[in-house]
Amino acid sequence: MARLPTATFTSDSTIHRQISGLESELKELDATLSHVTGARMIWLAHYEDCFSTQVREYTYEFCPFKQATQKSGSSTSLGRFTRFDSEESRTTLHFENGQRCWQGMDRKAVIHTNCGVTSAITLVEEPSTCFYSIHFDTPIACSLSTASALRQEIEPARNSEL
Ligand code: MAN
38 MARLPTATFT SDSTIHRQIS GLESELKELD ATLSHVTGAR MIWLAHYEDC FSTQVREYTY
98 EFCPFKQATQ KSGSSTSLGR FTRFDSEESR TTLHFENGQR CWQGMDRKAV IHTNCGVTSA
158 ITLVEEPSTC FYSIHFDTPI ACSLSTASAL RQEIEPARNS EL
């Protein structure tokens with residue numbers, strides 16, 4: 038007798054759970070992408086990336102559209118990405134509502150961007166308790182004029198390699 042193929046049975050409630058999971062993922066993505074307009078769209082190049090550096094006992098990490106953390110054994114949230122802004126015509130990325138500090142305030146972090154040849158954290162400071170300031174070099178922050186200044190800087194080194 039021919040055997041009937043075995044059907045994979047997924048219950049209604051599992052499907053509903055999967056759909057609402059996907060819906061909330063979509064909502065989150067929509068909220069994130071609403072900050073990304075015009076020239077800031079170039080930041081999407083780092084959508085899947087995270088950057089980290091070690092400072093004394095802590096590893097600091099941030100993922101541009103997601104979260105910032107401070108790790109030393111356990112992981113402490115420095116906040117979730119809320120928005121882009123700019124300070125003295127440089128782009129800043131803001132992370133807010135991180136883990137509560139003993140003083141009562143929620144931890145938060147701001148990323149200050151600078152034009153650089155590669156994307157990397159160059160400095161981490163805590164200017165006031167539980168407020169973190171991270172300096173980040175990236176080609177994304179380069180304007181045409183800063184890019185040509187950088188090119189001039191690296192050109193002699195490249196030429197001597199040839
Ligand atoms: C931890 C770290 C520090 C922070 C203190 C505040 O040790 O998150 O960066 O200053 O908590 O109590």
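Residue numbers (the numbering used here): 38 to 199. Where is the CB? At the ideal position from N, CA and C, for every residue including glycine.
Phe173 is not a Cβ neighbour of Ile191, given a cutoff of 8 Å. Distances between the C-beta of Glu98 and the heavy atoms of the ligand MAN are all 7 Å or more. Residue pairing for Tyr169: DSSP places it in a beta bridge opposite Ala146. Our two residues, Gly75 and Leu81, have alpha carbons roughly 12 Å apart in a direct line.
In the DSSP assignment, the residues bridged to Ala157 are Asp174. Look at Thr47 here: in three-state DSSP terms it is coil, with no helix or strand label. In chain order, His72, Val73, Arg77, Trp80, Thr128, Thr129, Leu130, His131 place their CB closer than 8 Å to the CB of Phe121, counting only its own chain and leaving out the 5 sequence neighbours on each side.
In this structure Ser109 is not in contact with Tyr97, their Cβ atoms being roughly 10 Å apart against a cut-off of 8 Å.
With 6 Å as the limit between CB and the heavy atoms of the ligand MAN, the residues that fall short of it are Gln107, Thr113, Cys138, Trp139, Glu163, Thr166, Cys167.
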